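There are 2 protein chains.
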Amino acid sequence: MTKDLLYRLIWLSRPLMQAAEAAVDRGLAGTGLTVRTRAVLEILHDFGDATVPEIAHRLEINRQYVQTMVNETLASELTVRRANPRHRASPLIGLTATGRETIAAVLAAERKLVGDLAQSFDDAEVATALDVVQRLTEALRPLGRERPA
Amino acid sequence: MTKDLLYRLIWLSRPLMQAAEAAVDRGLAGTGLTVRTRAVLEILHDFGDATVPEIAHRLEINRQYVQTMVNETLASELTVRRANPRHRASPLIGLTATGRETIAAVLAAERKLVGDLAQSFDDAEVATALDVVQRLTEALRPLGRERPA
DNA sequence: TCATATTGACAAGTTACATGTCACTATGAC
DNA sequence: GTCATAGTGACATGTAACTTGTCAATATGA
């Protein structure tokens, strides 16, 4: 029955996430990054300079916490503040040369590992899995809200 | 490319888990349970009486934390201590009538919701997704360990 | 019987967040 | 321009879900 399979799939999300984040964390050893500062740098790497609230929106966590993560990356000179023409009080955060090299190296290493894993899977099944998981996530989301829609 | 799809699938595990746990949490409103005490009761419901270390092993978290969760369920009389013939100092934890009714109601409600969701999916795609996610989790697990195997 | 392991209880520490407040700064309607 | 309203950085505090360490009581097995 689909119901039971779906139930098992839902509860597999936690082990998958834990395994994934542990693997990422291990890949971060020696870089001085944490899983969360890695996430900030990845946003800047993928989308270019952004303000703290913009990064927070992308990461779907609140701006106050992102602020502390960004402050850490500023302190370790992985990022810098740049003048924001659109808002004088809210500078754009951008990668420094070091920051760019660091995150690029991390992402490249991760992609290499995933490339190795990918050999055990074929395109069609992964595409199906991705589609199912995406639809499932969207279907579950409203159920967690105050007033489920 | 399979690699990119796989990468996206890996990073979807967190949103899926968050959506799933938020939905579970919402279903717990009014029962006095938390996501974690629910997990303890579910183990007892599915596998029968168990000691604290046994529950911890099933949940893959440490016994000290499980002990505090179990103590909460004992305090709210959802569970009771029963003599353990195999170990005098480590009682078996079992559901009370109230505990059994509570967890049965919660699980039934969850299964009903999943049943509704299941109508948007077909058996084959969910089976494929489950298989991919299981294999992916097992493949990622060793990468997070000290000495990746 | 005696070394070793298991268990419950308790204390602390940690991580990854959320929430609330303040002062400052923009922005847009007028 | 002016003024209500919203966005922002900084800071403080709170919280859930853990981990780690320790101790004394108790088992277990050679």
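If you read the protein sequences in the order shown, they are chains A and B.
Heads up, the final residue of the first sequence is numbered 242 in the numbering used here, and it's a clean run with no missing numbers.
Heads up, the final residue of the second sequence is numbered 242 in the numbering used here, and it's a clean run with no missing numbers.
For every residue, glycine included, the Cβ atom is placed at its ideal position computed from N, Cα and C.
Note that the coordinates shown come from a computational prediction; the quantities given were computed from them, not determined experimentally.
In the DSSP assignment, Leu185 (chain A) falls within the beta strand (DSSP E) that extends over Leu185 to Leu188. Unbroken beta strand (DSSP E) runs of no fewer than 3 residues, entirely contained in the stretch 140-171 of chain A, are not found. Look at Gly237 (chain B): its C-beta is under 9 Å from a C-beta on chain A. For Pro108 (chain A), the uninterrupted alpha helix (DSSP H) run begins and ends at Thr95 to Gly120, by DSSP. When B:Ser213, B:Leu229, B:Ala222 and B:Asp209 are compared, the shortest CA-CA separation from Ser213 (chain A) is found for B:Leu229.
Arg174 (chain A) sits in a strand when the DSSP states are folded into three classes.
Secondary structure note for Gln227 (chain A): its alpha helix (DSSP H) is the uninterrupted segment Asp216 to Leu233. If you compare the alpha carbons of B:Leu188, B:Ser106 and B:Val225 with that of Val133 (chain B), the shortest gap goes to B:Leu188. If you draw a straight line from the Cα of Ala190 (chain A) to the Cα of Arg174 (chain A), it comes to about 13 Å. Within chain B, no residue has its beta carbon less than 7 Å from that of Met162 (chain A); the closest one is some 16 Å off. Chain-order list of chain A residues neighbouring Ala122 (chain B): empty, with the shortest C-beta distance near 10 Å, by a criterion of under 8 Å. Look at Thr130 (chain A): its C-beta is not under 9 Å from any C-beta on chain B. In terms of Cα proximity to Leu152 (chain A), the closest of B:Trp104, B:Gly237, B:Val219 and B:Lys205 is B:Trp104. Using a CB distance cut-off of 9 Å, Arg228 (chain A) counts as an interface residue toward chain B.
When the beta-carbon positions are compared, Ala176 (chain A) and Pro184 (chain A) come within less than 9 Å of each other. Using a Cβ-Cβ distance cut-off of 8 Å, the stretch 207-224 of chain A and the stretch 98-116 of chain B are in contact, since at least three pairs of beta carbons, one from each stretch, lie closer than that value. In this structure, the alpha-carbon of Glu231 (chain A) lies about 18 Å from that of Ile154 (chain A).
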